[in-house]
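Each residue of the sequence shown is one higher than the last, beginning at 659 in the working numbering. Everything on this sheet refers to the single structure shown next.
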Amino acid sequence: MTPVYPAGRPLFSLLEDTVVIAGQHRLTVHGRWGEIDVLDDCPMVREALRRMAFGPVALENIPVLLAEFHEWQATGVCGTQWPRMKRTLDQLGGCVVPSLALHDGAGPILSLVPVRSDAAFRWPQIDDDEPVSMAAGVRLERAGDEDVLINPALSYRVVLHRPHVTEVIKLLLPGPTTVNDLARRLQIGPERAADIVAYLASGGFVTAAGVGR
């Protein structure tokens with residue numbers, strides 16, 4: 659089963675053309691979808707958006723989130739500050755780029771880049787033996803030095819930063835498989851395979867019977 663928190667390292671950033679304006683009594687985000695007044699103008703949110711404007715960051719490095727992060731990983735119980743942060747990420751939707759990294763410090767292995775203002779990142783629950791398939795209409799293309807997944811019907815495109823992620827995609831495209839089968843065929847840990855499938859599912863690129871439950 660997909661864990662409540664990824665085994666890898668979630669990173670978050672803002673689209674490159676997004677600007678954060680932190681006034682004394684107002685926090686706004688200016689991007690390709692217009693101007694957004696951030697509803698939660700607290701120090702934690704201000705610091706998170708400041709960091710995200712510079713590129714992919716691990717939000718657990720923000721001190722107020724750190725203690726809750728360790729408890730969340732140890733017990734599966736989430737405190738109050740992470741849901742608060744998530745509400746702001748949801749409000750900003752199409753300005754936020756969720757990425758997945760390993761614990762090697764080498765940067766993201768994949769990124770979900772929003773292409774519509776209504777983009778929303780939802781972490782799914784998928785069993786390791788549950789059949790998963792690539793959604794209809796998904797195409798794997800080459801863009802510069804990287805592979806990308808696109809589907810005009812979806813709110814994201816997926817940038818694949820590492821070759822082993824592209825190999826996961828190639829195994830998903832022909833038809834249904836499972837997390838355990840992907841891990842076995844690629845000789846990677848099931849946790850890594852589960853993370854990749856969950857990120858793809860969160861963007862609508864992978865479908866599974868249990869997604870959305």
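Beta carbons: idealized from backbone N, C-alpha and C, even for Gly.
Return yes when the Cβ of residue j is within less than 8 Å of the Cβ of residue i, no when it is not.
i, j, result
"Phe863", "Val806", "no"
"Val790", "Glu804", "no"
"Tyr814", "Leu770", "yes"
"Ile854", "Leu768", "yes"
"Val678", "Arg709", "no"
"Val773", "Phe670", "no"
Could you say which of the options lies nearest to residue i if we only look at CA atoms?
i, options, result
"Asp786", "Asp762, Arg850, Arg800", "Arg850"
"Phe779", "Glu718, Val696, Val826, Ala859", "Ala859"
What are the start and end residues of the beta strand (DSSP E) that includes residue i?
i, result
"Thr865", "864-866"
"Ile699", "As written in the sequence, residue 699 is Asp, which differs from the Ile given in the question. Element bounds for Asp699: n/a, residue is neither H nor E."
"Glu799", "797-801"
"Arg667", "667-672"
How long is the line joining the alpha carbons of residue i and residue j, rounded to whole angstroms?
i, j, result
"Asp698", "Arg742", "8 Å"
"Ala725", "Thr733", "12 Å"
"Phe727", "Trp691", "31 Å"
"Trp730", "Lys744", "14 Å"
"Ile784", "His683", "42 Å"
"Asp675", "Pro810", "21 Å"
"His688", "Thr835", "41 Å"
"Val735", "Ala841", "27 Å"
"Pro714", "Asp839", "30 Å"
"Val837", "Ala680", "42 Å"
"Leu760", "Ile694", "32 Å"
"Ile720", "Gly765", "18 Å"
"Arg704", "Leu717", "12 Å"
"Trp781", "Trp740", "14 Å"
"Pro701", "Leu673", "21 Å"
What are the residues that DSSP puts in a beta bridge with residue i?
i, result
"Ser791", "Thr865"
"Glu693", "His688"
"Leu758", "Pro668, Leu768"
"Val677", "His688"
For the alpha helix (DSSP H) that contains residue i, what are its first and last residues?
i, result
"Ile784", "From DSSP, Ile784 is part of no alpha helix (DSSP H); its letter is neither H nor E."
"Val823", "821-830"
"Asp776", "Looking at the DSSP string, Asp776 is not in any alpha helix (DSSP H), and its letter there is neither H nor E."
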